[in-house]
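J.: Encoded as structure tokens, here's the structure I'll be asking about.
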Amino acid sequence: MIVVSDVVVRYGTRAALSGVTATFEPGAITALVGHNGSGKSTLLQALAGTVTPSTGRITGTDRADIAYVPQRSSVRDELPLSVREVVAMGAWRRRGLWRRLSPEDRRAVDAALDRLGVAHLSTRRIGDLSGGQRQRALLAQAVVQRGQIVLLDEPATGLDAEARAVIVDVMRDEARRGAIVVVATHDRRDCRDADQVLRLEDGILSTETTAFGDTVCSDTVHSG
Ligand SMILES: Nc1ncnc2c1ncn2[C@@H]1O[C@H](COP(=O)(O)OP(=O)(O)OP(=O)(O)O)[C@@H](O)[C@H]1O
579 MIVVSDVVVR YGTRAALSGV TATFEPGAIT ALVGHNGSGK STLLQALAGT
629 VTPSTGRITG TDRADIAYVP QRSSVRDELP LSVREVVAMG AWRRRGLWRR
679 LSPEDRRAVD AALDRLGVAH LSTRRIGDLS GGQRQRALLA QAVVQRGQIV
729 LLDEPATGLD AEARAVIVDV MRDEARRGAI VVVATHDRRD CRDADQVLRL
779 EDGILSTETT AFGDTVCSDT VHSG
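Spelled out as structure tokens, the structure:
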């Protein structure tokens with residue numbers, strides 16, 4: 579379980595998170611909702627360990643295998659890697675950087691490419707893909723990783739209905755195998771599929787609910 583206790587994250591003098599306290603259970607999907615700039619990505623980055631809280635504590639992430647899929651706008655275009663290589667990177671943590679992939683790893687890579695609908699793009703350079711295609715490739719990498727913690731930053735933004743449905747299925751499967759799944763989202767449907775919804779407003783966690791209903795979702799999430 580991840581326990582976040584009274585976490586404050588500052589960028590300069592500005593607090594992006596102010597005293598956030600929450601828990602994240604294995605086998606459960608948490609949706610982080612809130613308007614642009616409310617602190618969703620910052621909380622995901624704090625969970626991923628790429629941003630350090632100024633005060634407060636996060637436990638349960640220390641030695642965990644974390645799969646983190648950032649917002650697609652933050653992925654660099656110039657990566658000289660093929661889609662298949664990027665997806666195979668998901669197996670590195672298990673396999674080690676310089677070890678060859680096992681047949682089982684290769685099967686997992688093929689299955690993930692297929693599931694996320696990017697198998698036909700596997701030899702293309704990741705930087706040459708459209709935003710939505712690239713996003714699906716990065717999700718395929720996360721599936722291959724089978725991390726204990728899966729952090730997804732607006733994974734369905736800009737994707738078509740079919741791809742969104744696949745992502746919801748993927749999140750459910752990741753939770754079913756016992757992962758802690760946290761997804762920052764503007765999509766009501768992700769909220770409905772969540773076991774817990776955390777609402778951020780200007781870095782403050784204003785609502786927490788485990789039995790999630792449309793009311794909370796519809797007044798916190800704008801369609802997009
Ligand atoms: N690297 C940074 N340096 C300075 N300020 C930052 C940085 N990253 C985020 N912020 C600020 O912290 C606040 C929270 O940003 P964050 O990206 O976490 O919000 P968000 O809810 O994920 O927004 P969005 O829905 O637009 O992705 C915002 O005011 C933002 O401007």
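Going by our numbering, the sequence shown opens with residue 579, and the numbers climb by one from there.
For every residue, glycine included, the Cβ atom is placed at its ideal position computed from N, Cα and C.
Here's the rule I'm using: 16 or more other beta-carbon atoms within 10 Å means buried, otherwise exposed. How should residue 765 be labelled?
T.: Along the sequence shown, read from residue 1 onward, the residue named residue 765 stands at position 187. With 16 or more Cβ atoms within 10 Å of its Cβ, residue 765 is classed as buried.
J.: Out of 662, 701 and 638, state which residue places its alpha-carbon closest to the alpha-carbon of residue 757.
T.: Sequence index remark: in the sequence shown, residue 757 carries index 179 (1-based). When each option's Cα is compared against that of residue 757, the closest is 638.
J.: Curious, which full-length beta strand (DSSP E) runs of at least 3 residues does the region 711-744 contain?
T.: The region 711-744 contains these whole beta strand (DSSP E) runs: 727-731.
J.: In the DSSP output, which residue or residues are listed as bridge partners for residue 603?
T.: For this step, residue 603 is matched to residue 25 along the sequence shown. Beta-bridge pairing links residue 603 to no other residue.
J.: Just the residues with CB closer than 5 angstroms to a heavy atom of ligand 1, in chain order, which are they?
T.: Spelled out in chain order, the answer is 589, 594, 614, 615, 616, 617, 618, 619 and 620.
J.: In angstroms, rounded to a whole number, what distance separates the CA positions of residue 694 and residue 668?
T.: Within the sequence shown, the letter at position 116 stands for residue 694. Within the sequence shown, the letter at position 90 stands for residue 668. Approximately 14 angstroms between the Cα atoms of the pair.
J.: Three-state secondary structure (DSSP) at residue 623?
T.: The residue labelled residue 623 in the question sits at position 45 within the sequence shown. Of the three classes helix, strand and coil, the one that applies to residue 623 here is helix, per DSSP.
J.: Please work out which residues of its chain come closer than 6 angstroms, Cβ to Cβ, to residue 742, disregarding the five sequence neighbours upstream and downstream, and give them in chain order.
T.: Position 164 of the sequence shown, counting from 1, holds the residue named residue 742. For residue 742, where only same-chain residues beyond five positions count, the Cβ hits under 6 angstroms are 734.
J.: Can you say whether residue 755 is buried or exposed, counting buried as having 16 or more other CB atoms within 10 angstroms of its CB?
T.: Residue numbering aside, residue 755 sits at position 177 when the sequence shown is read from its first letter. That one is exposed.
J.: Are residue 595 and residue 631 close, meaning C-beta to C-beta below 9 angstroms?
T.: Counting from one through the sequence shown, the residue named residue 595 turns up at place 17. Counting from one through the sequence shown, the residue named residue 631 turns up at place 53. Yes.
J.: Put residue 777 into one of helix, strand or coil per three-state DSSP.
T.: Within the sequence shown, the letter at position 199 stands for residue 777. Strand at residue 777.
J.: Kindly confirm or deny that the region 606-617 and the region 759-774 touch, where touching means at least three C-beta pairs closer than 8 angstroms.
T.: Result yes; three or more Cβ-Cβ pairs closer than 8 angstroms.
J.: Since residue 688 is in the alpha helix (DSSP H), which residue starts that stretch and which ends it?
T.: For the purposes of this step, residue 688 is taken as residue 110 along the sequence shown, with counting starting at 1. 681-693 is the extent of the alpha helix (DSSP H) around residue 688.
J.: Which one of 671, 614, 627 and 603 has the shortest CA to CA distance from residue 587?
T.: Residue mapping note: residue 587 aligns to position 9 of the sequence shown, counting from 1. The candidate whose alpha carbon is nearest that of residue 587 is 627.
J.: Within this structure, are the beta carbons of residue 748 and residue 775 separated by less than 9 angstroms?
T.: Your numbering for residue 748 matches position 170 in the sequence shown. Your numbering for residue 775 matches position 197 in the sequence shown. Not in contact: residue 748 and residue 775 (Cβ atoms no closer than 9 angstroms).
J.: Closest to residue 779 by C-alpha separation, out of 666, 621, 640 and 703, would be which residue?
T.: The residue given as residue 779 occupies position 201 in the sequence shown. Cα-wise, what sits closest to residue 779 is 621.
J.: Based on the DSSP secondary-structure assignment, which residues constitute the bridge partners of residue 666?
T.: As a first step, residue 666 is located in the sequence shown; it is residue number 88 there, counting from the start. According to DSSP, residue 666 bridges with nothing at all.
J.: For the candidate residues 684, 657 and 658, whose alpha-carbon lies nearest to that of residue 670?
T.: Walking along the sequence shown from the start, residue 670 turns up at place 92. Closest option to residue 670, Cα to Cα, is 684.
J.: Can you name, in chain order, every residue of its own chain whose Cβ lies under 6 angstroms from the Cβ of residue 781, other than the five neighbours on each side?
T.: The sequence position of residue 781 within the sequence shown is 203, counting from 1. For residue 781, where only same-chain residues beyond five positions count, the Cβ hits under 6 angstroms are 593, 594, 595, 596 and 617.
J.: Hey, residue 598 and residue 635: beta-carbon distance below 9 angstroms or not?
T.: Against the sequence shown, residue 598 aligns to sequence position 20. Against the sequence shown, residue 635 aligns to sequence position 57. No. Outside cutoff.
J.: Taking the alpha-carbon of residue 629 as reference, which of 681, 706 and 646 has the nearest alpha-carbon?
T.: Stepping through the sequence shown from its first residue, residue 629 is reached at position 51. Taking only the C-alpha atoms, the option nearest residue 629 is 646.
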